[in-house]
Structure formats: C-alpha cells, structure tokens
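Chemist: Quick one: this structure, given as structure tokens, is what I'll be asking you about.
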Amino acid sequence: MAAADYSFTIEKGTAFVISFEYRNDANDVINLTNWVARLRWKDNEDNIQTFITDTRNSNYEFTMEPSLGKIILKIPASVTAAYTFSTANYDLELQEPNDLYSGGGKKVFRILQGSISTIERNVPDTTSFSASFDTQDDCGMCT
Numbered sequence: 000m001a002a003a004d005y006s007f008t009i010e011k012g013t014a015f016v017i018s019f020e021y022r023n024d025a026n027d028v029i030n031l032t033n034w035v036a037r038l039r040w041k042d043n044e045d046n047i048q049t050f051i052t053d054t055r056n057s058n059y060e061f062t063m064e065p066s067l068g069k070i071i072l073k074i075p076a077s078v079t080a081a082y083t084f085s086t087a088n089y090d091l092e093l094q095e096p097n098d099l100y101s102g103g104g105k106k107v108f109r110i111l112q113g114s115i116s117t118i119e120r121n122v123p124d125t126t127s128f129s130a131s132f133d134t135q136d137d138c139g140m141c142t
C-alpha cells in the first residue's frame, strides 16, 4: 500500500510536538513493540534531517508508545528557532522486528509522506526563552 499523505507546519522558535498513530484498515491500533521508526526530511536548502526512535538528545526526542501504536516527535524551541529552511519533504518509515524472509533483512514500511512548511516569527529571536514564575498565595495575589 502506498504511504498516506499528510503535511504539517513548524512554527520557528516554538516547541514542536507531533504524534502519529499507526492503525490497520479496521482502524485497530497496531502494536509497535520492538519496531523502529525513522522520520527523514530534505529541506529546500538540500539539507537532510533524520530522526530515529528511542533517541533523546538536546536537538530532539523521538519515542514510541508501542501498545498504543503511537510515534511522538518533540523538537525544542531553541532548535526550531535556528531552522533556516522554508519547506521540506519528509517520509515516515517503520521497521518491523521480523525479517522479510530468512536472511532478507527487516521489513520496512513507508507509512507517511508529505511536506513541511515553517512559519517565521513576527519578531525574530534565536535566543532561548526562559522565565521564572511568581508563586501565588491563598488570596490569589502574586508574592
């Protein structure tokens, strides 16, 4: 089956979170235990970015909730603020834990494809946004 088509937008300078659920034709969740996901995009500047599940670092977190068939990508605001591209095309692939046949390697499915666009901020800012919060007392006044 051909990959489904889904496009989305990343707002530069904000935290980006997107999740996908993998379901069969009957709309039942597919258990992704021991599967691996990979999302790759090529932007209009010919840069290729690759995200692999079970990766957590300062640039992104790409995880799964296997029993829910869920794949979650998180990119912090400090990283999206540095993006210079305006558009990209991506593929989302899943690798099954079973071999296609003995010695044939793991089964790989391209389940999603599409385009990514970015939105510029009204006031450009590549610095990290960090704030401390006042606490409130029982009467609701800031202390």
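Residue numbers (numbering that gives the first Met the number 0): 0 to 142.
Glycine included, every Cβ here is placed at the ideal spot set by N, Cα and C.
1) Could you say if the stretch 68 to 85 and the stretch 3 to 17 meet the contact criterion of at least three C-beta pairs nearer than 8 angstroms?
2) Please go through the same chain and pick out, in chain order, the residues whose beta-carbon is closer than 6 angstroms to the beta-carbon of V35, but skip the five residues on each side of it.
3) Can you tell which of Y82, I115, L91, V78 has the C-alpha that lies nearest to the C-alpha of K69?
4) Please return the same chain residues whose Cβ sits closer than 8 angstroms to the Cβ of K106, not counting the five positions on each side in sequence.
5) Is it buried or exposed for M0, if we count other Cβ within 10 angstroms and need 16 for buried?
6) Would you decide whether A3 is buried or exposed? Buried here means 16 or more other CB atoms lie within 10 Å of its CB.
7) Could you please give me the residues that DSSP links to M63 through a beta bridge?
8) Could you give the residue range of the alpha helix (DSSP H) that holds S77?
9) Measure the beta-carbon distance from G12 to R109 and round it to whole angstroms, keeping in mind my assumption that it falls under 8 angstroms.
10) Which of helix, strand or coil does DSSP assign to N88?
11) When DSSP labels each residue in this structure, what does T13 get in the three-state scheme?
12) Taking just the CA atoms, how far does R37 sit from G102?
13) Which residues bound the beta strand (DSSP E) around D42?
14) Using alpha carbons as the reference points, say which of S77, I29, T83, T32 lies closest to I47.
15) Determine whether the beta carbon atoms of P65 and L111 lie at a separation below 8 angstroms.
Modeler: Answer, in terms of the structure:
1) Counting Cβ pairs under 8 angstroms, three or more are found: they touch.
2) In the sequence shown, counting from the first residue as 1, residue 35 sits at position 36. Only T52, Q94 meet the Cβ criterion.
3) Translated into the one-based positions of the sequence shown, residue 69 becomes position 70. Closest by C-alpha distance to K69, out of Y82, I115, L91, V78, is L91.
4) The residue you call residue 106 lines up with position 107 of the sequence shown. Here the set comprises Q94, E95, N97, D98, L99.
5) The residue you call residue 0 lines up with position 1 of the sequence shown. Exposed, by the Cβ-count rule.
6) As a working mapping, residue 3 is identified with position 4 in the sequence shown. Burial call: exposed.
7) Residue mapping note: residue 63 aligns to position 64 of the sequence shown, counting from 1. Beta-bridge pairing links M63 to I70.
8) Translated into the one-based positions of the sequence shown, residue 77 becomes position 78. Counting along the chain, the unbroken alpha helix (DSSP H) around S77 starts and ends at 76 to 79.
9) Residue mapping note: residue 12 aligns to position 13 of the sequence shown, counting from 1. Residue mapping note: residue 109 aligns to position 110 of the sequence shown, counting from 1. Actually they are not in contact, since the Cβ atoms of G12 and R109 sit about 30 angstroms apart, beyond 8 angstroms.
10) Position 89 of the sequence shown, counted from the start, is the residue given in the question as residue 88. N88: strand per DSSP, three-state reduction.
11) Counting from 1 along the sequence shown, the entry for residue 13 is found at position 14. Here T13 sits in coil by DSSP.
12) The sequence position of residue 102 within the sequence shown is 103, counting from 1. The sequence position of residue 37 within the sequence shown is 38, counting from 1. Cα-Cα distance, rounded: 22 angstroms.
13) Indexing the sequence shown from 1 puts residue 42 at position 43. 35 to 42 is the span of the beta strand (DSSP E), which, as asked, contains D42.
14) Within the sequence shown, the letter at position 48 stands for residue 47. When only C-alpha atoms are compared, the closest one is T83.
15) Here residue 65 corresponds to residue number 66 of the sequence shown, with the count starting at 1. Here residue 111 corresponds to residue number 112 of the sequence shown, with the count starting at 1. Not closer than 8 angstroms, so no.
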